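Residue numbers (this note's numbering), protein chains in the order written: chain D, 1 to 505; chain G, 1 to 505.
All C-beta atoms in this analysis are idealised placements derived from N, C-alpha and C, irrespective of residue type, glycine included.
None of the values given here were measured: they were computed from a predicted structure.
Please read the structure below before turning to the comments.
Protein chains: 2
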Amino acid sequence: MTTTVPASSSASWLPDAEATDAHRALREYVRELRDLSSAASLAGWDQQTKLPPKGQAARGRTLGAMSAMLHERRTSPEFDRLISALEDAAPNDPEARGARRGFDLSTKLPSDHVRAMAEASSAGYGAWDQARNADEFTIFLPHLERLLELSREQAELYGYESERYDALHDLYEEGSRAADIAPMFEALREPTNRLLDLQPEPDTSILERSWHKEGQERFGREVITRMGFDFDAGRLDETVHPFCSGVGQFDTRLTTRYEEHWLPCALFGTIHEAGHGMYEQAFDRLGLPATLGSAPGLGMHESQSRGFENVIGRSRPFWEFWYPRLQEVFPEATAGVSLDDFVRQINTAKRSLVRVEADELSYNLHLGVRFELERAMMNGDLAAKDLPEAWNAGFDKWFGITPPSDKFGVLQDVHWSSGSFGYFPTYTLGNVYAAQFAEVARLDLPNWDDLLRAGEYAPILAWFDEHVYRHGDAFTGREFVQRITGGPVDVAPLVRYLEDRFGQH
Amino acid sequence: MTTTVPASSSASWLPDAEATDAHRALREYVRELRDLSSAASLAGWDQQTKLPPKGQAARGRTLGAMSAMLHERRTSPEFDRLISALEDAAPNDPEARGARRGFDLSTKLPSDHVRAMAEASSAGYGAWDQARNADEFTIFLPHLERLLELSREQAELYGYESERYDALHDLYEEGSRAADIAPMFEALREPTNRLLDLQPEPDTSILERSWHKEGQERFGREVITRMGFDFDAGRLDETVHPFCSGVGQFDTRLTTRYEEHWLPCALFGTIHEAGHGMYEQAFDRLGLPATLGSAPGLGMHESQSRGFENVIGRSRPFWEFWYPRLQEVFPEATAGVSLDDFVRQINTAKRSLVRVEADELSYNLHLGVRFELERAMMNGDLAAKDLPEAWNAGFDKWFGITPPSDKFGVLQDVHWSSGSFGYFPTYTLGNVYAAQFAEVARLDLPNWDDLLRAGEYAPILAWFDEHVYRHGDAFTGREFVQRITGGPVDVAPLVRYLEDRFGQH
């Protein structure tokens with residue numbers, strides 16, 4: 001299933017043997033930094049999958065000590081010198097650019113600020129968890145105020161051109177700006193609501209049948225192996241909150257959660273994480289240097305996870321191949337269920353209160369609500385104490401419904417409690433990029449649907465190798481879009497895609 | 001099942017609140033060092049249990065980079081200063097003593113030597129593996145010569161009083177000397193051979209029946225949980241070569257290997273590793289400072305693993321409690337097998353060629369062979385090229401039999417291939433200590449056998465808490481023996497124990 005794209009003259013980098021000394025020296029430094037940070041990544045993965053409960057406190061200290069040690073090396077004069085040498089030798093070199101960005105982000109925050117943020121996040125997380133359980137926003141309020149204060153300071157330390165929000169959003173999606181994102185969400189609001197109005201009464205009764213865990217795990221592994229996830233360079237384990245971790249070179253780990261009476265949880269969760277995982281694995285498979293072997297941001301990463309999960313994984317042609325196999329593994333749960341019934345139920349869409357349970361169609365509106373509120377808070381237009389009221393007003397604006405209480409409203413997400421402002425829009429950027437890429441890929445691969453019907457993913461992966469993976473983070477998400485589509489980030493392909501999938505009732 | 005021994009005035013250390021500033025500062029430094037080295041330990045554990053195959057090379061680099069980073073901190077001027085401060089404030093303090101020993105061992109080897117040794121070990125391991133598979137000693141010979149040369153240099157760098165061997169053996173067992181060990185092995189040779197002559201024709205047919213893996217795992221977990229291994233502060237996983245790893249505070253991990261047609265492999269392997277594990281867990285459970293919370297050497301560690309595996313785990317009273325439960329889990333494999341049959345088969349003893357498959361009785365003789373040879377090689381009395389002949393002569397001296405080929409002789413063990421000379425005697429020291437401790441513990445706990453019959457291990461663990469665990473590495477193995485028995489290291493209790501267990505045929 002693997003495809004190797006040779007490092008051609010149009011690649012973004014030269015192999016070690018042809019690269020300059022300045023390249024090789026920087027690559028070696030970054031390689032060691034990544035080898036060390038692999039131990040920290042592993043400690044994080046293990047904390048969420050294997051660590052015995054009493055080991056939590058010590059693991060927290062280990063992660064803190066590793067972080068401080070890594071910070072020293074990310075801000076060392078030697079690193080600075082190696083980057084400068086490459087900047088001098090090869091102006092605008094993408095390897096130097098990425099390293100410089102990392103160095104600058106690490107050096108701009110004084111260690112006092114880093115420590116204050118870590119403390120506020122830790123306390124904020126605890127208070128948020130308590131507030132959510134008690135459905136009582138005021139428990140979280142003082143922590144949110146503190147986190148906002150520190151995050152605003154952080155934005156000032158990083159610097160920005162037009163508005164403070166951009167400094168933080170840029171951490172997750174380089175070069176993306178609130179002024180570009182706002183119209184994107186606006187352009188999604190009307191068509192999404194129009195499509196939601198068209199949806200039939202939701203019926204997911206098949207998916208709620210009894211799907212035994214052993215079969216779910218076996219089927220999930222079979223699907224992602226065939227899609228291209230390499231289990232010789234990765235793992236799949238269980239956890240409460242699924243994630244994908246690039247633990248080290250040739251070591252990419254997915255996690256998932258099995259619900260015996262809700263098939264989509266593990267099934268689409270596993271495909272989603274495998275989308276992240278195949279992206280990470282590609283850097284090693286294609287031999288990228290350590291200086292380039294990362295995704296440029298969360299939007300690009302989500303374009304892969306949400307692309308494989310939704311664009312591919314919920315499509316009818318995909319299930320033409322897989323549904324007979326699902327029937328073999330689960331003869332009872334699939335009894336009397338046609339392929340059409342199944343495909344219809346995995347594509348159920350409706351207005352709902354909770355983002356993490358939302359379907360593909362309504363998902364972006366949840367982010368629209370959050371983006372407007374965090375932008376207003378960051379720029380000083382909304383006080384933390386007024387957030388619950390603003391949340392409900394926003395929800396009404398985007399969905400036409402109001403949450404019954406804060407637990408199902410403003411308190412539902414973890415992000416703000418750990419000081420992550422500017423993160424939310426990357427989910428929708430992922431959907432936008434995925435739809436833009438799929439339109440081009442379908443032109444390049446006119447037999448796209450037939451490939452899915454045959455369970456053949458190698459040509460699709462090869463397309464991503466060529467256009468995305470082999471470049472690592474040599475370009476930003478926006479630059480990738482420009483290179484691939486010949487135009488700017490554009491919401492129209494996503495709208496067309498959603499109309500195609502959800503407009504045919 | 002847990003027992004807490006308060007830090008009484010007779011303990012080897014004071015709690016933080018009552019300790020001096022010099023103690024607290026040193027403890028904090030060592031705590032952070034251990035928190036960081038926890039990430040390296042985890043990476044090692046993961047390498048042998050979870051790591052995807054293609055990730056091996058990068059993991060090797062990660063371990064190397066972590067090791068170099070930790071070496072810097074183990075040899076830092078700051079560490080030296082903190083130790084000196086405590087040495088000045090509290091002469092002969094055991095916390096300063098342990099830290100000074102670690103600092104000295106780390107600083108005495110120049111980094112060139114460390115690198116040369118790492119390279120020779122890595123190449124040596126590969127060559128040994130190849131040589132063993134081909135049953136061809138000459139493949140390994142040049143590597144062994146190089147490893148001997150470097151190890152002799154290492155001994156000179158560390159320094160010693162009477163013979164070179166001692167400098168290396170001291171790494172594994174502080175204060176123990178070849179001149180003390182030689183008579184210990186000699187004293188075991190005659191009684192062991194006499195007892196071996198008494199043994200009936202071996203019959204292990206019951207143990208070779210079909211023991212399903214799931215049952216073995218369930219039963220093993222039940223046994224060690226009841227013995228006192230805390231699964232909230234530890235794990236049990238599968239691996240090829242079983243081990244116990246103290247990954248971090250409240251995080252002790254055991255591994256085992258299941259053989260469906262050889263029950264003792266996982267059963268006694270799991271109990272053995274749990275013996276190591278309960279020792280490690282005790283330091284955290286009893287709240288020892290980081291400066292003391294380790295075993296003082298391999299002999300003490302083996303006294304626990306071999307003590308729980310053999311002295312307790314192969315005794316008849318132990319199986320009076322557990323055999324009915326084993327029958328429940330394995331009704332077919334135990335059909336028609338009496339308790340006496342079972343106990344007899346798990347205590348089968350015979351002369352054999354391979355150490356790792358040897359029984360409790362003959363085990364020490366295997367170490368006797370190795371000790372004499374490595375001592376002679378280290379001290380310059382035996383050349384590497386003459387080793388196979390010397391091995392066969394030695395085996396004849398100790399067992400009266402000769403291996404058919406080097407694969408079942410000189411090439412069977414991994415230790416020398418990684419430059420570990422001076423390690424082997426610690427297995428027998430573990431047996432000697434375990435027998436000495438058991439004699440005293442049985443006097444203190446006259447109902448010892450009844451406790452085992454009732455499956456009650458808490459009083460036994462409490463005895464070890466009081467006499468061993470709560471002192472960490474404040475004393476050496478030899479000092480522990482002196483404190484507990486009132487006398488020196490003595491092979492007589494082990495001989496009495498072996499006569500009791502193997503002399504009644």
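What residues in its chain sit with their C-beta under 6 Å from that of residue i, if we drop five residues either side in the sequence?
{"i": "residue 19/G", "result": "none"}
{"i": "residue 423/D", "result": "172 and 415"}
{"i": "residue 337/D", "result": "206"}
{"i": "residue 288/G", "result": "472"}
{"i": "residue 378/G", "result": "164, 165 and 421"}
{"i": "residue 318/D", "result": "312 and 452"}
{"i": "residue 457/G", "result": "227 and 228"}
{"i": "residue 435/G", "result": "493, 494 and 497"}
For residue i and chain G, any beta-carbon pair shorter than 7 Å?
{"i": "residue 141/D", "result": "no"}
{"i": "residue 291/D", "result": "no"}
{"i": "residue 58/D", "result": "yes"}
{"i": "residue 61/D", "result": "yes"}
Is it right to say residue i is buried, meaning 16 or more other beta carbons lie within 10 angstroms of its own, or is it exposed?
{"i": "residue 213/D", "result": "exposed"}
{"i": "residue 504/D", "result": "exposed"}
{"i": "residue 447/G", "result": "exposed"}
{"i": "residue 240/G", "result": "exposed"}
{"i": "residue 432/G", "result": "buried"}
{"i": "residue 385/G", "result": "exposed"}
{"i": "residue 111/D", "result": "exposed"}
{"i": "residue 122/D", "result": "exposed"}
{"i": "residue 307/G", "result": "buried"}
{"i": "residue 402/G", "result": "exposed"}
{"i": "residue 310/G", "result": "buried"}
{"i": "residue 53/G", "result": "exposed"}
{"i": "residue 261/G", "result": "exposed"}
Ordered along the chain, which non-local residues of its own chain (more than five positions away) have a Cβ less than 7 Å from that of residue i?
{"i": "residue 347/D", "result": "314 and 501"}
{"i": "residue 291/D", "result": "26, 27, 30, 95, 98 and 99"}
{"i": "residue 250/G", "result": "233 and 284"}
{"i": "residue 345/G", "result": "203, 204, 206 and 207"}
{"i": "residue 59/G", "result": "43, 47 and 51"}
{"i": "residue 372/G", "result": "394"}
Identify, in the order they occur along the chain, each residue of the same chain with its Cβ nearer than 8 Å to the Cβ of residue i, setting aside the five sequence neighbours on each side.
{"i": "residue 138/D", "result": "131"}
Comparing the C-beta of residue i with each C-beta of chain D, is any distance below 7 Å?
{"i": "residue 65/G", "result": "yes"}
Taking 7 Å as the threshold (beta carbon to beta carbon), is residue i in contact with chain C?
{"i": "residue 403/G", "result": "Note that chain C does not occur in the displayed structure, where the protein chains are D and G."}
Heavy atom of the ligand ADP less than 6 Å from the Cβ of residue i, yes or no?
{"i": "residue 467/G", "result": "In terms of ligand content, the structure shown is empty, and the ligand ADP therefore cannot be addressed."}
Check your understanding: Using a Cβ cut-off of 7 Å, which residues of the region 235 to 269 of chain D contact any Cβ in chain G, in chain order?
Key -> Shown in chain order are the members of the region 235 to 269 of chain D whose Cβ falls below 7 Å from a Cβ of chain G: 235, 248, 249, 250 and 251.
Point to revise | Unbroken stretches of the alpha helix (DSSP H), 4 residues or longer, contained in the region 124 to 168 of chain G | key: At a cut-off of 4 residues, the continuous stretches assigned as alpha helix (DSSP H) that sit fully inside the region 124 to 168 of chain G are 137 to 158.
Point to revise | Chain-ordered residues of the region 22 to 55 of chain D with a beta carbon less than 7 Å from chain G | key: Residues of the region 22 to 55 of chain D with a C-beta atom less than 7 Å from some C-beta of chain G are 32, 35, 36, 38, 39, 40, 42, 43, 46, 50, 51, 52, 53, 54 and 55, listed in chain order.
Point to revise | Within the region 208 to 238 of chain G, ranges of the alpha helix (DSSP H) (whole runs, at least 4 residues) | key: Runs of the alpha helix (DSSP H) inside the region 208 to 238 of chain G: 213 to 227.
Exercise for review: Tell me the start and end of each unbroken alpha helix (DSSP H) in the region 270 to 327 of chain D that is at least 4 residues and wholly inside, in chain order.
Suggested key: The region 270 to 327 of chain D contains these whole alpha helix (DSSP H) runs: 298 to 306.
**Study point:** Residues within the region 222 to 233 of chain D neighbouring chain G, beta-carbon criterion of under 9 Å
**Key:** Across the region 222 to 233 of chain D, CB contacts with chain G closer than 9 Å involve 230, 231, 232 and 233, in sequence order along the chain.
Practice item. Identify every run of the alpha helix (DSSP H) within the region 323 to 361 of chain D, keeping only runs that are complete inside it and at least 4 residues long; order them along the chain. Key: DSSP assignment within the region 323 to 361 of chain D yields the following whole alpha helix (DSSP H) runs of 4 residues or more, N-terminal first: 339 to 346.
Review point. Quick one, which residues of the region 68 to 90 of chain G are near chain D if we go by CB-CB under 8 Å, in chain order?
Key: Cβ contacts with chain D come from 69.
Review point. In chain order, which alpha helix (DSSP H) runs of at least 4 residues are fully inside the region 423 to 466 of chain G?
Key: Fully enclosed alpha helix (DSSP H) runs of 4 or longer: 425 to 444 and 448 to 453.
Check your understanding: Along the chain, which unbroken stretches of the alpha helix (DSSP H) at least 4 residues long are found entirely within the region 4 to 86 of chain D?
Key -> Restricted to the region 4 to 86 of chain D, the alpha helix (DSSP H) segments that are unbroken, complete and at least 4 residues in length are 21 to 49 and 56 to 74, listed in chain order.
Review point. Taking only runs of the beta strand (DSSP E) that begin and end inside the region 385 to 417 of chain G, which ones reach a length of at least 3 residues, in chain order?
Key: Secondary structure remark: continuous beta strand (DSSP E) runs of at least 3 residues inside the region 385 to 417 of chain G: none found.
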